[in-house]
Amino acid sequence: MGTITGRSRGPIGWPSRHVFTDKERKMLALAPFRSKAAGLPDLLNYAALVDEGVVLGKDGSLMAGFFFRGDDAASATTSERNYLTALVNQYLARFGSGWAVWTDASRLASPGYPAPEQSHFPEPITALIDAERRAAFVKENTLFESEYALVLQYLPPTRRDSKLGELVYDDDGVDDSNPADRLLLDFKKKLDDLQDGLGDLMHMRRMGTITVGEGDDAYQSDELCNYLHYVLTNEPIALRIPDCPMYLDAWLGYPELWPGDTPKLGNKFISCVAIEGFPGNSFPGILDMLDGLPMSYRWSSRFIFLEQHEAVAALNRYRLKWQQKIRGFWSQVFKSQKGMINTDALKMAQETEVAINDAKSGLVAYGYYTPVVVLMHEDRNFLSEQARYVKRELERKGFAARIETVNALEAWLGSLPGQTYPNVRRPLVHTLNLADLLPLASVWPGLRENPCDLYPAGSPPLMHTVTTGATPFRLNLHVGDVGHTLIFGPTGAGKSTLLATLQAQFRRYRSRRRRDGSTAPATVTAFDKGRSLYALCKATGGVHYDIGNDEADTPALTPLVDIDSESEALWAEEWIATCYELQAKKPPTPQQKAEIHRAMNLLREAPREFRSLTDYVTTVQDAEVRDALTHYTISGSMGHLLDGKEDGLKFSNYTVFEIDDLMKMGDANAIPVLLYLFRRFERSLNGQPAMLSLDEAWVMLGHPVFREKLREWLKELRKKNCLVIMATQSLSDAVKSGLLDVLLEQCPTKILLPNKEADLHGTKETPGPADLYAMFGLNSKEIGILKNGQYKRQYYYKSPLGRRVFELGLGPLTKAFVAVSDKEDLAEVRNLIADHGDDWPLFWLQHKGVDYEQYLSRKAA
């Protein structure tokens, strides 16, 4: 019997020797009770967060990641997609042994329609319109959108190999830095090179440290750790970074893992669908169908790079095997050239030779490619149905697919970034084929929040729209803090309805809190042509002016009444000079400008009630100026519009100027009125979210008076938190206006309407629609979208952020206010306003047969 001795305390405290019995020894032997089975943390390769967005693996590897998003596949031409895959291949081919990349397309349930409390509609009608839209979107099946991530891993060579390299390649420079620091620096430089090359085309953004929450609740989180947690658990959570970010395997791999044919992690079962049987040739986006399935899943593509000599050696083995099959056994034994030739083996040997030459050229890099679709769900039966659906869809596209069983755990582990050992697929694939197989194109869902930093943080998107497929589209006009937008479409394509809907939805915004804690509602000012905004304006309690209509009660304007400040007096002098030039057909001379200035100073000293245009004409002493300005006084034909005594023009939160009759009066009469209205509009801007809508903008802006000022004017309005929408039915008007370069520079967002003649070309002297669209940056695929689009239904959005075809999805209540332009409906609206006052919208909805009461509870909620 063996004994174990130990020390214990005697009666007086001195150590005494104790001999353990066999029974005591067995009782103290705890090793048999310790489990030898590996837990989930033991299977993971994550060790520590060593830098912002950089994770150290247990094997000494370094990991970092990017979020990215390609352009819309439906609007990209074949040449554009080929160029992108060639460029991706060019940068991926620079990686070699020790490098691996995981490219994930994660399909996630889309956030729902914004809650009522996120919007701040100040009037009932616009709130009802939004309630109707919310009800329609909630009824739709669950929508999904894709998020894309690329994670790179680098396993440095062993210290022995590094020493050998240092001996072969001598560097005169003395580098006293730590080897680990040098490796980290080189790794980050490689990431920067990749982002510099592909960042713009792929909209890449490095995963890094972010701040979550505000004030006392704010904490730091790392996006790479969050992403690793998501791919493990299928739960997107912003984790707090520990004070000592070590033992990431245990920190991230906390759920229970149950292996088996259908593994279970926590309360979710895991199913993996492997993609096999690749076709002989590939093309860009060959697996794009995986980016649009109506379910939640993660499509993982892992690629383990090989060094050039490793790839050549592996390909040589393939070549030798095929060469041995070209002729029969006896022909090879006797080295005879007789006998039948296996032409298939000969062809394969030749293709292998081509592959070897490609590898030696350095134009492509070879490696091991492992694609798998990972699905997770609490219901095992539902998960099985989803896996079979994915398998069927892959087979419909000509790919062999297999639902993993005994290999399910290995397949899942191999899909996790940083795990290069599990589930390695042996057939070699080069990076040009890899680029064709990756999700480089996307279906863009739009930004989840309004990107303008002048709006309150977390402001919802301007509008949710309807699209094909299972991916939503959240429409925002802003690109950063620039919201200027161009809208082009032929007559009858739905331009006026789009403008009215945008204006109604824009009322959801309010300003950021001011110092006194107050906020201001968003304001809309529109210059309409055709009275298509009359019903919406009146329904929201707005102010509608029908400028130039003798039947309308339009107040006479007072352009010179507010000239107390130097800036306003200077503007008034320029306005007088413009009026003179429009009548005299020549600019004022220096002497005339001096007289205009002298008369303006005299008018500033007069009381406000004596600052009419007639008062100014009697003050100015230059006969030519006086004669030219008389046309705009009460003595001339435009006095009823410009020679007012009191300022009766009022702006509200929604102000519409109908200018159809005004524009028929000619430039000499319309431009002075428009200049003053624009000036009054600028005065109304106090930092609140503002929209200025110009229908048939080139009728106004095509004149040299506006053309010279447009660039600075757009910049100033952007600084004042105002976006400008310029709409027209003719692209040629925009080109002829001479403003094309300004528009392309200052208006990043464009919305184009269907045009059956979009593909028609013209001559050099008279460009056709296709030529004009090309000037605006549209490719042949986009022009085809416009040609085949449905009138009054489909719209095409294009900005630096993305491209997408969308539909407004208008319900009957919304149509009752945004699609009212025929004379009969407008006459009925006027009659209801006269009979019922502010309650007329309810009677109008009854007239249209709209059950509005069903949305009242939703609005109140």
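Just so you know, we're using numbering that gives the first Met the number 0 here: the sequence shown kicks off at 0 and counts up by one. Every residue, glycine too, gets a C-beta built ideally from N, C-alpha and C. Because the structure is a prediction, the values reported are computed rather than measured.
In terms of DSSP beta bridges, what is residue i paired with?
| i | result |
| --- | --- |
| Glu144 | Leu107 |
| Lys324 | Lys324 is not bridged to any residue. |
| Val523 | Tyr653, Met690 |
| Val619 | Bridge partners of Val619: none, in fact. |
| Arg297 | Ser105, Val373 |
| Ala492 | Answer is none; Ala492 lacks a bridge partner. |
| Glu275 | Ala399 |
| Leu55 | Ala47, Leu61 |
| Arg509 | Pro520 |
| His543 | Val655 |
| Asp248 | Partner(s): none; Asp248 has no beta bridge. |
| Arg473 | His463 |
| Met725 | Leu485, Leu693 |
| Phe66 | Ala148, Arg204 |
| Leu427 | Tyr367 |
| Trp839 | Per DSSP, none; premise fails for Trp839. |
| Tyr153 | Leu61, Trp98 |
| Leu759 | Partner(s): none; Leu759 has no beta bridge. |
| Ser220 | Ile209 |
Helix, strand or coil: how does DSSP classify residue i here?
| i | result |
| --- | --- |
| Met462 | strand |
| His202 | coil |
| Glu695 | coil |
| Val173 | Any reading at Val173 must be qualified, since the residue scores a pLDDT of 47, below 50, and its modelled position is unreliable; the value itself is stated next. In the structure shown, Val173 sits in coil (DSSP, three-state: anything other than H, G, I, E or B). |
| Ser798 | strand |
| Glu764 | coil |
| Ile11 | Interpretation of Ile11 is limited by its pLDDT of 41, a score under 50 that renders its predicted location unreliable; no figure is taken from the coordinates. |
| Arg803 | strand |
| Tyr168 | Its pLDDT being 49, under 50, Tyr168 is placed unreliably in this model, and the coordinates cannot settle the point. |
| Phe381 | helix |
| Lys735 | helix |
| Val211 | strand |
| Tyr533 | helix |
| Asp71 | strand |
| Ser270 | strand |
Please work out which residues of its chain come closer than 7 Å, Cβ to Cβ, to residue i, disregarding the five sequence neighbours upstream and downstream, and give them in chain order.
| i | result |
| --- | --- |
| Asn81 | Pro283 |
| His760 | Gly767, Ala769, Asp770 |
| Ala358 | Gln307, Ala310, Val311, Leu314, Tyr365 |
| Ser118 | Asp129, Pro459, Arg507 |
| Ala108 | Thr141, Phe143, Ser295 |
| Asp561 | Glu567 |
Closest to residue i by CA distance: which of the options is it?
| i | options | result |
| --- | --- | --- |
| Lys797 | Ala538, Cys746, Asn754 | Cys746 |
| Thr553 | Leu612, Leu676, Lys749 | Leu676 |
| Leu497 | Glu781, Val817, Glu572 | Val817 |
| Lys719 | Asp480, Lys324, Glu572, Glu806 | Asp480 |
| Met375 | Cys271, Arg301, Val389, Leu415 | Cys271 |
| Trp574 | Asn266, Leu535, Cys536, Lys708 | Lys708 |
| Leu713 | Leu485, Pro471, Ala571 | Leu485 |
| Trp101 | Leu415, Leu393, Thr125 | Leu415 |
| Lys396 | Gly482, Leu286, Gln502, Pro421 | Leu286 |
| Phe487 | Phe398, Leu730, Arg678 | Leu730 |
| Pro156 | Lys138, Ala134, Ala179, Ser145 | Ala179 |
| Ala114 | Phe136, Gln728, Pro558 | Phe136 |
| Thr84 | His639, Asn652, Leu433 | Leu433 |
| Met206 | Cys224, Asp199, Ala217 | Cys224 |
| His228 | Asn44, Gly361, Asn177 | Asn44 |
| His596 | Glu608, Pro606, Phe609, Leu559 | Leu559 |
| Gly259 | Glu403, Glu122, Arg204, Asp290 | Glu403 |
Taking 8 Å as the limit between beta carbons, can you name the residues of its chain near residue i, skipping five residues before and five after?
| i | result |
| --- | --- |
| Lys528 | Glu657, Ile658, Asp659, Met662, Asp694, Glu695, Val698 |
| Thr577 | Ile670, Pro671, Leu674, Val704 |
| Val423 | Ile303, Tyr367, Thr369, Gly413 |
| Gln219 | Thr208, Ile209, Thr210, Val211, Arg239, Ile240 |
Go through its chain and collect everything with a Cβ distance to residue i's Cβ below 6 Å, but skip five positions before and after it.
| i | result |
| --- | --- |
| Ala627 | Tyr579, Gln582, Ala583 |
| Gln152 | Ser60, Met62, Ala99, Gly417 |
| Gln385 | Met294, Leu374 |
Any chance the segment 531-548 sits against the segment 620-633, with 3 or more Cβ pairs inside 8 Å?
With the cut-off at 8 Å, the segment 531-548 and the segment 620-633 do not touch.
Can at least three beta-carbon pairs, one atom from the segment 65-84 and one from the segment 263-270, be found at a separation below 8 Å?
The segment 65-84, when compared against the segment 263-270, does not touch it at the 8 Å Cβ threshold.
Sufficient close CB pairs (3 or more, under 8 Å) joining the segment 837-847 to the segment 812-826:
Here the segment 837-847 lies against the segment 812-826, with 3 or more beta-carbon pairs under 8 Å apart.
Three Cβ pairs or more, each shorter than 8 Å: is that satisfied between the segment 832-839 and the segment 779-799?
Contact between the segment 832-839 and the segment 779-799 is absent, because fewer than three Cβ pairs lie under 8 Å.
Are the segment 432-443 and the segment 247-256 touching, with three or more C-beta to C-beta distances below 8 Å?
No contact exists between the segment 432-443 and the segment 247-256.
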